[in-house]
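Notes to accompany the following structure.
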Amino acid sequence: MPPELDARHLVRRLLQIGAAVVVIALILLTLPGLDDVRTRMAGAQPAWLVVALIMELGSLLAFVAVFRGVICRHLAWRLSYEIALSEQAANVLLPTGGTGGLALGAWALKRGGMPTEHIARRSVALYVITSSVNFVAAIVPGVALATGLVAGSASTALTLGPAILAVVVIVVILALPRLLPTGTAAVTNGPIRKRLEPVAAAVRDGIHDAVALVISGQPLVVVGAVAYMAFDVATLAAAFQAFGGGPPIAALVLAYTLGQLGGLLPVPGGIGGTDGALIIALAIYGSPIAEATVAVLAYRAFQLVLPAILGTIAFGQLQRTLARSADPAALCAAMAAAIEIPGSSSGDSGVRPTISQ
Numbered sequence: 016m017p018p019e020l021d022a023r024h025l026v027r028r029l030l031q032i033g034a035a036v037v038v039i040a041l042i043l044l045t046l047p048g049l050d051d052v053r054t055r056m057a058g059a060q061p062a063w064l065v066v067a068l069i070m071e072l073g074s075l076l077a078f079v080a081v082f083r084g085v086i087c088r089h090l091a092w093r094l095s096y097e098i099a100l101s102e103q104a105a106n107v108l109l110p111t112g113g114t115g116g117l118a119l120g121a122w123a124l125k126r127g128g129m130p131t132e133h134i135a136r137r138s139v140a141l142y143v144i145t146s147s148v149n150f151v152a153a154i155v156p157g158v159a160l161a162t163g164l165v166a167g168s169a170s171t172a173l174t175l176g177p178a179i180l181a182v183v184v185i186v187v188i189l190a191l192p193r194l195l196p197t198g199t200a201a202v203t204n205g206p207i208r209k210r211l212e213p214v215a216a217a218v219r220d221g222i223h224d225a226v227a228l229v230i231s232g233q234p235l236v237v238v239g240a241v242a243y244m245a246f247d248v249a250t251l252a253a254a255f256q257a258f259g260g261g262p263p264i265a266a267l268v269l270a271y272t273l274g275q276l277g278g279l280l281p282v283p284g285g286i287g288g289t290d291g292a293l294i295i296a297l298a299i300y301g302s303p304i305a306e307a308t309v310a311v312l313a314y315r316a317f318q319l320v321l322p323a324i325l326g327t328i329a330f331g332q333l334q335r336t337l338a339r340s341a342d343p344a345a346l347c348a349a350m351a352a353a354i355e356i357p358g359s360s361s362g363d364s365g366v367r368p369t370i371s372q
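Structure (structure tokens):
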């Protein structure tokens, strides 16, 4: 097991995040000039904070569903829960910009007997599917705000711009299978390219699998991916309500999608990056700074602490599961079914038209 995934290392990270939360709380309670923030914090409505907690728990459970639907629908629910929640904890606790969860999941699935090729392509598919929901979420409210279908105070550049950028990203992702070199090209063009071919193959096949899974309409994949983001947005919305306010839903969703980019910074849990980016994005789309600050900090407390605690517990359970069960994920390699992308063919730019379940 990679040393950064050692249980003691994860516990230390959990304590560090807890210490960071305490420091931020002390700053908010004592620093001059933050009276408006403190007033809003003092007026928090506990019922809405409970709703925020429930919504974030719903987001975590939705990730378990989409994880199982994408990686392998024959995977036991308990094992799916343990790996998925462990991935969520790793994303919070490790300063890897979100890649720590993928590394932990790959280790666990390999340890459980799943073939490396299947792990690689389905990990790409999982990332593509869950990320695509965010991109679509930037397109719909962005267009709605820019065209006046819903009210908003932001300029066209700040509403239509992110929507256009999201469309470009989606188009580029869908085009990657045609642009990446095939296995034959890799073998005939030197050792460096040959070493890169497994990566290119995982990306090609992973994107293909993502498209096929979405088109097939499997509920765990489609509903799970949408619910994963929707519940998280609902957590932020409930946090706003807890402090007596909140922007219109279109502005909230657009600010949310842009603010999440701060999580790409290589710091544990995106602390500082995600928080600051969310507050700035919400302010740009019309939220008062004090209101946005208290809502984001409450939302981030749930988003960090809940997966960190539940995921650390799940990781301990996962290690025991892998120790006592012989290849619990090997079943996925043996049970394969074909799903075709409508209109595709086996000769379509080297992309295989079927995916294994």
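Each position in the sequence shown, counted from 1, maps to that position plus 15 in the numbering used here. Positions of the beta carbon are idealized from the N, C-alpha and C atoms, including for glycine.
(request) Give the DSSP-derived three-state secondary structure of Met244 in the structure shown. (result) As a working note, residue 244 is residue 229 in the sequence shown. In the structure shown, Met244 sits in a helix (DSSP, three-state: H, G or I).
(request) Please confirm if the segment 284–304 is in contact with the segment 60–70, defined as three or more CB-CB distances below 8 angstroms between the two stretches. (result) no
(request) To the nearest angstrom, report how far apart Val187 and Ala227 are at their CA atoms. (result) As a first step, residue 187 is located in the sequence shown; it is residue number 172 there, counting from the start. As a first step, residue 227 is located in the sequence shown; it is residue number 212 there, counting from the start. Roughly 17 angstroms separates the two Cα atoms.
(request) Can you have a look at Gly232 and say buried or exposed, based on whether 16 or more other CB atoms are within 10 angstroms of its CB? (result) As a first step, residue 232 must be located in the sequence shown, where it is residue number 217. By the neighbour-count rule (16 or more Cβ atoms within 10 Å), Gly232 is not buried but exposed.
(request) Return the CA-CA distance between Phe255 and Leu72, expressed in angstroms with no decimal places. (result) Translated into the one-based positions of the sequence shown, residue 255 becomes position 240. Translated into the one-based positions of the sequence shown, residue 72 becomes position 57. Roughly 17 angstroms separates the two Cα atoms.
(message) Out of Ala270, Leu75, Ile328, which one is the CA nearest neighbour of Val155?
(response) As a position in the sequence shown, residue 155 is number 140, starting the count at 1. Comparing Cα-Cα distances from Val155 to each of Ala270, Leu75, Ile328, the minimum goes to Ala270.
(message) Under DSSP, the alpha helix (DSSP H) around Pro322 begins and ends at which residues?
(response) Indexing the sequence shown from 1 puts residue 322 at position 307. It spans 304–339 - the alpha helix (DSSP H) in which Pro322 sits, taken as one unbroken run.
(request) Examine chain C for any beta-carbon lying closer than 9 angstroms to the beta-carbon of Gly274, and answer yes or no. (result) In the structure shown, chain C cannot be found, because there is only a single protein chain.
(message) Buried or exposed, going by whether 16 or more other CB atoms sit within 10 Å of the CB of Ser170?
(response) Taking the first residue of the sequence shown as position 1, residue 170 is located at position 155. Exposed.
(request) Return helix, strand or coil for Ser170, following the three-state DSSP convention. (result) To locate residue 170, count along the sequence shown from 1; it is residue 155. Coil at Ser170, not helix or strand.
(message) Taking the alpha helix (DSSP H) that Gln60 belongs to, which residues open and close that run?
(response) Numbered from 1 along the sequence shown, position 45 holds the residue referred to as residue 60. Neither: Gln60 is in no alpha helix (DSSP H) and is coded neither H nor E.
(message) Tell me the residue span of the alpha helix (DSSP H) that contains His133.
(response) For the purposes of this step, residue 133 is identified with residue 118 of the sequence shown, where counting begins at 1. Element bounds for His133: 131–161.
(message) Using CA atoms only, rank isn't needed, just tell me which of Thr145, Ala118, Ala310, Leu164 is closest to Thr54.
(response) Counting from 1 along the sequence shown, the entry for residue 54 is found at position 39. Closest by alpha carbon: Ala310.
(request) Could you check how far apart the C-beta atoms of Asn149 and Gln275 are, in whole angstroms? I think they sit under 8 angstroms. (result) Here residue 149 refers to the residue found at position 134 of the sequence shown. Here residue 275 refers to the residue found at position 260 of the sequence shown. Their Cβ separation, rounded to whole angstroms, is 7 angstroms, which keeps Asn149 and Gln275 in contact under 8 angstroms.
(request) Can you tell me which of the three DSSP states Asp373 falls into? (result) Past the edges of the chain, shown from 16 to 372, lies residue 373, and the structure says nothing about it.
(request) Just the C-alpha distance for Ala118 and Asp51, rounded to the nearest angstrom, thanks. (result) Counting from 1 along the sequence shown, the entry for residue 118 is found at position 103. Counting from 1 along the sequence shown, the entry for residue 51 is found at position 36. C-alpha separation (whole angstroms): 42 angstroms.
(request) Evaluate contact between the segment 259–269 and the segment 89–96, counting only Cβ atoms and requiring at least three cross-stretch pairs below 8 angstroms. (result) no
(request) Report yes or no: do three or more beta-carbon pairs, one from the segment 325–343 and one from the segment 95–107, lie closer than 8 angstroms? (result) yes
(request) Quick one: using the 10 Å Cβ neighbour count with 16 as the cut-off for buried, is Gly163 buried or exposed? (result) Residue 163 sits at position 148 when you count from the first residue of the sequence shown. Flag for Gly163 reads exposed.
(request) Sort Glu212, Leu189, Thr250, Val236 by Cα distance to Ile222 and report the nearest one. (result) The sequence position of residue 222 within the sequence shown is 207, counting from 1. For the residues Glu212, Leu189, Thr250, Val236, the minimum Cα distance to Ile222 belongs to Leu189.
(message) Can you find the residues in the same chain that come closer than 7 angstroms, C-beta to C-beta, to Leu333, ignoring five residues on each side of it along the sequence?
(response) Counting from one through the sequence shown, the residue named residue 333 turns up at place 318. Closer than 7 angstroms at Cβ, skipping near neighbours: Glu97, Ile98, Ser101, Ala123.
(request) Can you have a look at Leu337 and say buried or exposed, based on whether 16 or more other CB atoms are within 10 angstroms of its CB? (result) Here residue 337 corresponds to residue number 322 of the sequence shown, with the count starting at 1. Looking at its Cβ environment, which holds 16 or more other Cβ atoms inside 10 Å, Leu337 is buried.
(message) Among Ala313, Val184, Ala341, Tyr142, whose alpha-carbon lies nearest the alpha-carbon of Leu251?
(response) Residue numbering aside, residue 251 sits at position 236 when the sequence shown is read from its first letter. Comparing Cα-Cα distances from Leu251 to each of Ala313, Val184, Ala341, Tyr142, the minimum goes to Ala313.
(request) Within the same chain, show all residues whose beta-carbon is closer than 7 angstroms to that of Ala249, passing over the 5 residues directly before and after it, in chain order. (result) Numbered from its first residue, the sequence shown carries residue 249 at position 234. Contacts found: Met70.
(message) Quick check on Phe386: does DSSP put it in helix, strand or coil?
(response) Look at the range of the chain in this structure, 16 to 372, and you will see that residue 386 is not part of it.
(message) Taking only three categories from DSSP, how would you classify Gly128?
(response) Position 113 of the sequence shown, counted from the first residue, corresponds to residue 128. Coil, per DSSP.
(request) Grab me the residues of Ala159's own chain with a C-beta within less than 6 angstroms of its C-beta, minus the 5 sequence neighbours each way, in chain order. (result) Sequence index remark: in the sequence shown, residue 159 carries index 144 (1-based). Hits under 6 angstroms: Val165, Ala265.
(request) For Ile294, count neighbouring C-beta atoms within 10 Å of its own C-beta (all shown protein chains included) and say buried if the count is 16 or more, exposed if not. (result) By one-based count along the sequence shown, residue 294 stands at place 279. The residue in question, Ile294, is buried, as its Cβ has 16 or more Cβ neighbours within 10 Å.
(request) Would you check if the distance between the CB atom of Arg136 and the CB atom of Ala80 is smaller than 9 angstroms? (result) Here the question's residue 136 lines up with position 121 in the sequence shown. Here the question's residue 80 lines up with position 65 in the sequence shown. Cβ atoms of Arg136 and Ala80: not closer than 9 angstroms.
(message) Which of the three DSSP states is assigned to Gly232 in this structure?
(response) Taking the sequence shown and counting its residues from 1, one reaches residue 232 at position 217. It is coil, neither helix nor strand.
(request) Output the boundary residues of the alpha helix (DSSP H) element that contains Thr272. (result) If you number the sequence shown from 1, residue 272 lands on position 257. Taken as a continuous stretch (DSSP letters only), the alpha helix (DSSP H) holding Thr272 covers 264–274.
(request) Could you check if Leu273 is buried or exposed, using at least 16 other CB atoms within 10 Å of its CB as the buried criterion? (result) For the purposes of this step, residue 273 is taken as residue 258 along the sequence shown, with counting starting at 1. Buried is the call here.
(request) Consult DSSP for Ala292 and reduce its assignment to one of helix, strand or coil. (result) The residue labelled residue 292 in the question sits at position 277 within the sequence shown. Note: Ala292 maps to helix in three-state DSSP.
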